[in-house]
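Trainee: So our numbering is basically just the index in the sequence shown, starting at one, shifted up by 642.
Here it is, the structure in full.
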Amino acid sequence: MKRVALLAFHDALATSISLPMELLTAANSVSRLHTRTPLLDITIVGLDPPPIRVSGGMEIMPNAELTDDDAYDLIIIPSRWRHPHRGAPTRPEIKAWLIHHEQRGADICAVGNASYFLAEAGLLNKRVATTHWHYFDDFATRYPQVVLHRDYLITQADNLFCTGSVNSAADLVIHLIDRYWGASIARRVAQQFSPESRRPFSRNSYRVDRSDLHRDETIALVQNWLARHLNEPFNIKDLARQSGLSERSFHRRFRQVTGLAPLQYMQKMRIELARDLLQNSNLSIEEIGRQCGYTDSSYFCRLFKQHCTSSPGEYRRAVRHKLFEVNEQK
Numbered sequence: 643m644k645r646v647a648l649l650a651f652h653d654a655l656a657t658s659i660s661l662p663m664e665l666l667t668a669a670n671s672v673s674r675l676h677t678r679t680p681l682l683d684i685t686i687v688g689l690d691p692p693p694i695r696v697s698g699g700m701e702i703m704p705n706a707e708l709t710d711d712d713a714y715d716l717i718i719i720p721s722r723w724r725h726p727h728r729g730a731p732t733r734p735e736i737k738a739w740l741i742h743h744e745q746r747g748a749d750i751c752a753v754g755n756a757s758y759f760l761a762e763a764g765l766l767n768k769r770v771a772t773t774h775w776h777y778f779d780d781f782a783t784r785y786p787q788v789v790l791h792r793d794y795l796i797t798q799a800d801n802l803f804c805t806g807s808v809n810s811a812a813d814l815v816i817h818l819i820d821r822y823w824g825a826s827i828a829r830r831v832a833q834q835f836s837p838e839s840r841r842p843f844s845r846n847s848y849r850v851d852r853s854d855l856h857r858d859e860t861i862a863l864v865q866n867w868l869a870r871h872l873n874e875p876f877n878i879k880d881l882a883r884q885s886g887l888s889e890r891s892f893h894r895r896f897r898q899v900t901g902l903a904p905l906q907y908m909q910k911m912r913i914e915l916a917r918d919l920l921q922n923s924n925l926s927i928e929e930i931g932r933q934c935g936y937t938d939s940s941y942f943c944r945l946f947k948q949h950c951t952s953s954p955g956e957y958r959r960a961v962r963h964k965l966f967e968v969n970e971q972k
């Protein structure tokens, strides 16, 4: 069971605490429904004396105080409603606590301007990061050693994650649920929280170890080719031969850097394209299937449902209903 710490302090943005907590609690509920086994234990760690006053006039009663006696696997730092450099980020004991957990391998996620916590602790020096857009210039001036990426809503450097907003934090939490407990639980959680607002982590993030930023140039060239030819049939033997590798070596190196077999990788890319087209185009399901490389519409629908737990038609209705319901009411 993973131990999760949600930090709480005065003037924290309430939704940057509640939304990650609800997503993680939903993952627990899904697991209990199917296996009766909880996946995680959530603790609200107070950085200020209780009750803690967060945005909107709400008050939070934490479960624990900051102490090195407790070891957490995942730490989520909420955004601050007022200027993020004031208060908790500059306190020595909080810096030391974050450094301690980073060194022992905990995943630490900073929501919005909570990136100031990690920067103040020196954890982002010479590492990529992002923050809320309003504080880009201030952040860059205060922390010149941080590699600030203004064009990404999510960044990952080893076990440190930064997000530019609460919504992107939700995308990140879904990604972590997928990584910790698998795609099935992640999909079920995402479907409970407005799937039209969720963006795939792989499309929305800059991370140091992402599969298209690895150092295996041979496999990177194959990935680039696959990305440009999603609608075309491909033969693994031909790909291996073109890459100058034996089929066995090709399989091994491809899985080593992407985490997936070539066919699984291609299917994942095609399904992501299908989801985008279902949400953002008026193409028929048959045409979307063809653009994703599936000439057999029935097979495409079965495969899509296997990956997304809903048919293409059901997914389109779910993700587009809220987008257009305002216009429909006019």
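Don't be surprised by glycine CBs; every beta carbon is placed ideally from N, CA and C.
Small disclaimer: the values here were computed from a predicted structure and weren't measured.
Any idea what DSSP makes of Q906, helix, strand or coil?
Mentor: Of the three classes helix, strand and coil, the one that applies to Q906 here is helix, per DSSP.
Trainee: Starting from R784, trace the alpha helix (DSSP H) in both directions and tell me its first and last residue.
Mentor: Counting along the chain, the alpha helix (DSSP H) containing R784 begins and ends at F778 to R784.
Trainee: Going by DSSP, what residue range makes up the alpha helix (DSSP H) through A882?
Mentor: Taken as a continuous stretch (DSSP letters only), the alpha helix (DSSP H) holding A882 covers I878 to S885.
Trainee: With 16 as the cutoff for other CB atoms within 10 Å, does T732 come out buried or exposed?
Mentor: With fewer than 16 other Cβ atoms within 10 Å, it is exposed.
Trainee: Roughly how many whole angstroms lie between the Cα atoms of A706 and S810?
Mentor: In a straight line, the C-alpha of A706 is about 27 Å away from that of S810.
Trainee: Does the beta-carbon of R958 have 16 or more other beta-carbons within 10 angstroms, so that it is buried, or is it exposed?
Mentor: It counts as buried.
Trainee: Looking at the structure shown, is L708 part of a helix, part of a strand, or coil, going by DSSP?
Mentor: Of the three classes helix, strand and coil, the one that applies to L708 here is coil, per DSSP.
Trainee: So, with DSSP's three-state summary, where would you put K644?
Mentor: It is a strand residue.
Trainee: Could you tell me which of A771, L740 and W775 sits nearest to A763, measuring between CA atoms?
Mentor: When each option's Cα is compared against that of A763, the closest is L740.
Trainee: Taking only the alpha-carbon atoms, compute the straight-line gap between R883 and M911 and give it to the nearest angstrom.
Mentor: Between R883 and M911, the C-alpha separation is close to 22 Å.
Trainee: Helix, strand or coil: which one does DSSP assign to T773?
Mentor: Three-state DSSP puts T773 in coil, outside helix and strand.
Trainee: Measure the beta-carbon distance from I750 to I717 and round it to whole angstroms, keeping in mind my assumption that it falls under 8 Å.
Mentor: Sure, about 5 Å apart at Cβ, within 8 Å.
Trainee: Specify, as a first and last residue, the run of the beta strand (DSSP E) that L682 falls within.
Mentor: Counting along the chain, the beta strand (DSSP E) containing L682 begins and ends at L682 to G688.
Trainee: Near D858, which residues of its chain fall below 7 Å by C-beta distance, leaving aside the five closest residues on each side in sequence?
Mentor: Correct list, in chain order: R895 and V899.
Trainee: Per DSSP, what kind of secondary structure is I805 in: helix, strand or coil?
Mentor: First, the residue type needs correcting, since residue 805 is Thr and not Ile in the sequence shown. Reduced to three states, the DSSP call for T805 is strand.
Trainee: Taking all protein chains shown into account, do 16 or more other C-beta atoms lie within 10 angstroms of the C-beta of L675, making it buried, or fewer, making it exposed?
Mentor: L675 comes out exposed.
Trainee: Have a look at D851 and A799 and give me their C-alpha separation to the nearest angstrom.
Mentor: In this prediction, D851 scores a pLDDT of 46, lower than 50, which makes its location untrustworthy; no coordinate-derived value is stated.
Trainee: Straight-line CA distance for A903 to R746?
Mentor: Using only the alpha carbons, I get a separation of about 31 Å.
Trainee: Closest by CA to P693, which one among A862, A654 and A960?
Mentor: When each option's Cα is compared against that of P693, the closest is A654.
Trainee: Have a look at S757 and C804 and give me their C-alpha separation to the nearest angstrom.
Mentor: So the two alpha carbons sit approximately 6 Å from each other.
Trainee: Please state whether the Cβ-Cβ distance between G754 and H727 is less than 8 Å.
Mentor: Their beta carbons are not under 8 Å apart, which means G754 does not touch H727 by this criterion.
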